[in-house]
Amino acid sequence: MEGKQPGSAEQKRVTELKAVSEEPYLEDKDAAAGGAEPAVAVNDVLSRPLGPTPSQSRFQVDLVTEGFGRPAEATEKAGREGSMLGKSSEEAKGRFRVNFVDPSAGDETSGESGGGSSEGGNVSLQNGGDAMLNEGSLHSGGRHHHHYYYDTHTSTYYLRTFGHNTMDAVPRIDHYRHTAADLGEKLIRPSLAELHDELDKEPFEEGYANREEGMPTGEAVATYIPDSKGIVKFGWIKGVLVRCMLNIWGVMLFIRLSWIVGQAGIGLSIVVIAVATVVTTFTGLSTSAIATNGFVRGGGAYYLISRSLGPEFGGAIGLIFAFANAVAVAMYVVGFAETVVELLKENGTMMVDEMNDIRIIGTITVVLLLGISIAGMEWEAKAQIVLLVILILAIGDFVIGTFIPLDNKKPKGFFGYKAEIFMENFGPDFRNEETFFSVFAIFFPAATGILAGANISGDLADPQSAIPKGTLLAILITTLVYIGIAVSVGSCVVRDATGNINNTIITELTNCTTAACKLNYDFSSCQTGCQYGLMNNFQVMSMVSGFAPLISAGIFSATLSSALASFVSAPKIFQALCKDNIYPGFLMFAKGYGKNNEPLRGYLLTFLIALGFILIAELNIIAPIISNFFLASYALINFSVFHASLAKSPGWRPAFKYYNMWISLVGAILCCIVMFVINWWAALLTYVIVLGLYIYVTYKKPDVNWGSSTQALTYLNALQHSIRLSGVEDHVKNFRPQCLIMTGAPNSRPALLHLVHAFTKNVGLMICGHVHMGSQRQAVKERLSDLAKYQQWLIKNKMKAFYAPVHAEDLRDGGQYLMQAAGLGRMRPNTLVLGFKRNWKQADIRDVETYINLLHDAFDIQYGVVVIRLKEGLDISHLQGQGSKGPSSPLNLAGQRLLDATTQFQKKQGKSNIDVWWLFDDGGLTLLIPYLLTSKKKWKDCKIRVFIGGKINRIDRDRRAMATLLSKFRIDFSDIMVLGDINMKPKIENITAFEEMIEPFRLHEDDKEQEIADKMKESEPWRITDNELELHKTKMLL
């Protein structure tokens, strides 16, 4: 906002305020430090901060002349003119510059109000650090002080923004950071209310709005450009593509794929691979969608799921996923050790025995993996590249070998590409009780490496781009290779072969039915069992290859690369989980070391877990559980995308557009089905573990808020139900007390709160009304701070209630505002609850009038009214203090009684009576509230006694009539008391006491002059006139 005031032609001054938005409507979730810092060509740029963190600084309002930003001579001249003009109080209010003050500057004299010249050790951000740096210095008294401004007026970019000089900052990522981001500070822009507060502190003195000399309210932290030297960040090829390919190309490719082709045939093998690819592709699409919806940090699957579905699912999956990766290290290492032991057995060089050799080799291997991991991610990445090269060479070796059918390999079933073999092997031939599903269960673990790149998301240079490209391309490449090898091996090798060269058919047979027979080999003896062929030999690829040792090297590469990827993934995931403090006992593993924040403690823990399972060496039972753990995480990633899309949150805006919420749902369902296909008991065990961890995290209620889709969907459901409910007419059968309680601060009247909560919990609405009075600006600040503070207090104390603060001139106006505006749709209060005003005799009569009028207002708005009275009182704020945990000094006897009385409704009430004085028909609220109380556990032993008015000569008839009425209402009662003397006239002493009680409130107009009486009646309408007293005399003296 900019407004010009009259002034001299030479020196016009402008009052300039910065218009700001209180909260950002767009948020880059957990955004990294993406915005570039201002480029400052100053020699000592490293010695002075780029600017204080505004959230921990304070701003000051300086006087600025139009000359600011001109050349030095013009600036000094304008400064001198500004100083002269500043002597006039009318012209002293020039244009104001809002600066952030560096509190580290210490004490200094205030700067002058002129343009660029100022004195003081302030580091001032004019617009959050977006503009160019301007420096002015003033040397005085032998001290050198520098005042740095990030000025918008000297930058041509800002000079004519919207046609006016302005100090408003252009949009910048730092204004939209997540408040919990640790990769960069969120710049807090001063609100317009804060600027108003500064400008209201008059008179201005020497450029400061409050006569202060840059005195800060808190310690600012200067923000420096982070030193990225030595930090290793990977691109999408080395960081994602290579890792995913290595993890997907496991030992399954070399050892089990040929057996799967033998069992299922080429056709069904392609179907097996295709179904697995569909599941992983759907998961890859979902992963890409989540990864491109905001900044992705370390934690892989845990980070993606927890930030989407919340800490409950994220905490459960994070723990089992980290554990699964740790145990997977043992699985891959044992697979490597078994291959080595097989080679040792063939060469007769066993060390001890087969089992112990596996343990020895496995232990040595996992120690080497630990060393590579601790050496750093760069060494680990180099090792992965080497292993990938070996793996590709091994695959190429096999492909070359398929075109070189040697005669000595034909007895073992390898004949090269033959149409007869292709046709024979195309269909399935399941043996030994194998089925399509059992074969699929064996193959699918080979496809579970698609998150290898996402698991190190914190080490990727651009995870939003790298994860989608690397993951999806890896799925495509590995799928094509699996299908190609399945077709190749199925076209070259027969299912059964003896390996005996004597089985060659010399004479041509006319009744051949098998491909081997047509190729002049008789393998009919294999009915009793053979050692070669797709069905019998797991080393078919080694036999087919051109150079067999290279296939063994490929097996080593596949196992070691998968083990290394899992060894790195598990600690990274676990470290991210521990940083979020979901499980407080594991917080020690959150610590990182070095510039890459390496989880060395996590590496050691992973090493111990892997070593333990290697020494057990019984992984056949563990393997299906691990596969199900991976699948559970895949299912939740898919469900996360479906859930976020269903919630329709404006914050769900993935840059990756090639996803569909229904495809993600199908992917989640497929993952759950595959879990049971692989192993039904392992699937059930996985569900039980996930559910148990979910319940634990839900019970612990971690203090985190990640803006999950669960919150978004909860809001959407509440909104839709509220709108649907607003279209339904009220019905008496569905009436329930929805209470607006005038509690003030909720913790100041706990008895009022607990009693109402006793009959509204899980039944009706409860809103705690708090009226702030006094200065509007101060009350608004208090209201904003109290809103979060007391709502959290209600939640912490398990009160199912809402807190509603308002600002008003007095209690009556505040009560009217609340009764008219509180609630939403049908979720509106219909009953006003307030405490009895105990001090009405001693209180200011205007306060009593306000209290009484508040009751009348409630009846006018058609509210029910409940007044709660305790003999000791209700308000304990003078004892406890609002927000404190307990009294600061010993209480006297009255204070202790008051505190004891306030807790009486939190205790079990025992066998007591609830007396209902139903003297007049009030619509039944007087009966409904006691009934609701007795339906609660603490009040269930209480009995309801009903007191009614009647006549002495027909007490029994009145009692029976009321009993009949209550039975129709289905209200249980213990007794009905008929007050037969209710119509008797009061005693003389009671009449006298009543007259003495109302005496201070009477007008006594007959004893005053008419004019004086009329003025009093107009100014004090609450006074009781003689006419009113006479009019109601009959009623009072009944």
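Residue numbers for the sequence shown follow my numbering, beginning at 40 and rising by one.
For each residue, glycine too, the CB sits at the ideal point set by N, CA and C.
- The residue among G690, A609, S591 and K611 with its C-alpha nearest the C-alpha of I294 is S591.
- Residues S530, C531, A554 and L558 of the same chain have their beta carbon placed closer than 8 Å to that of K457, with the five preceding and five following residues left out of the count.
- Per DSSP, W956 lies in no alpha helix (DSSP H) segment; the continuous beta strand (DSSP E) that holds it begins and ends at N952 to W956.
- A check of alpha carbon separations from W956 across L650, G989 and D896 identifies G989 as the nearest.
- With respect to the 9 Å criterion, I287 and A433 are not classified as neighbours on the basis of their beta carbons.
- If you draw a straight line from the Cα of R640 to the Cα of A649, it is about 14 Å long.
- Residues F798 and V802 of the same chain have their beta carbon placed closer than 7 Å to that of L971, with the five preceding and five following residues left out of the count.
- Per DSSP, the continuous alpha helix (DSSP H) segment holding P610 begins and ends at A587 to K618.
- Distance from the Cα of M866 is smallest, within the candidate group L833, V905 and Q777, for Q777.
- The C-alpha of I305 lies about 8 Å from the C-alpha of F461.
- Cα atoms of F875 and D896: separation of roughly 16 Å, rounded to the nearest angstrom.
- T510 carries a helical assignment under DSSP once its states are collapsed to helix, strand and coil.
- Secondary structure at T870: strand, using DSSP grouped into helix, strand and coil.
- Distance from the CA atom of E821 to the CA atom of P844, rounded to whole angstroms, is 9 Å.
- In terms of Cβ geometry, D619 and W275 do not form a close pair [threshold 9 Å].
- Remark: C-beta atoms of F437 and P444 do not approach each other more closely than 9 Å.
- Note on R470: under 16 other CB atoms within 10 angstroms of its CB, so exposed under the neighbour-count rule.
- In the three-state reduction of the DSSP assignment, G963 falls in the coil class.
- A check of alpha carbon separations from Q817 across F273, L804 and A847 identifies A847 as the nearest.
- Excluding sequence positions up to five before and after I495, its CB lies within less than 6 Å of the CB of K611, all in the same chain and listed in chain order.
- Within the model, the alpha-carbon separation for C565 versus N575 is close to 10 Å.
- Boundaries of the alpha helix (DSSP H) harbouring F652: L639 to I655, taken from the DSSP string.
- One Cα belongs to D852, the other to Y342, and the distance between them is close to 49 Å.
- At a Cβ-Cβ threshold of 9 Å, S605 and N364 count as neighbours.
- Close CB contacts of L427 within its chain, under the 8 Å cut and outside five residues either way in sequence, are with V281, M284, L285, S596 and S600 (chain order).
- The Cβ atoms of I653 and V290 do not sit closer than 9 Å to each other.
- I481 has no beta-bridge partner at all, per DSSP.
- The C-alpha of L324 lies about 23 Å from the C-alpha of E351.
- If you check the CB distance, M781 and V872 come in under 9 Å.
- Annotation for K982: the continuous beta strand (DSSP E) segment containing it runs K982 to G988.
- DSSP places H811 within a strand segment (E or B) once states are collapsed to three.
- C710: not part of any beta strand (DSSP E); member of the alpha helix (DSSP H) spanning M700 to I717, first to last residue.
- Beta-bridge pairing by DSSP links L1018 to G988.
- The region 410-422 makes no contact with the region 389-402: fewer than 3 CB pairs, one atom from each, lie closer than 8 Å.
- Cβ neighbours of K277 within its own chain (closer than 6 Å, five residues either side excluded): A420.
- Counting other Cβ atoms within 10 Å of its Cβ, E1028 stays below 16 and is therefore classed as exposed.
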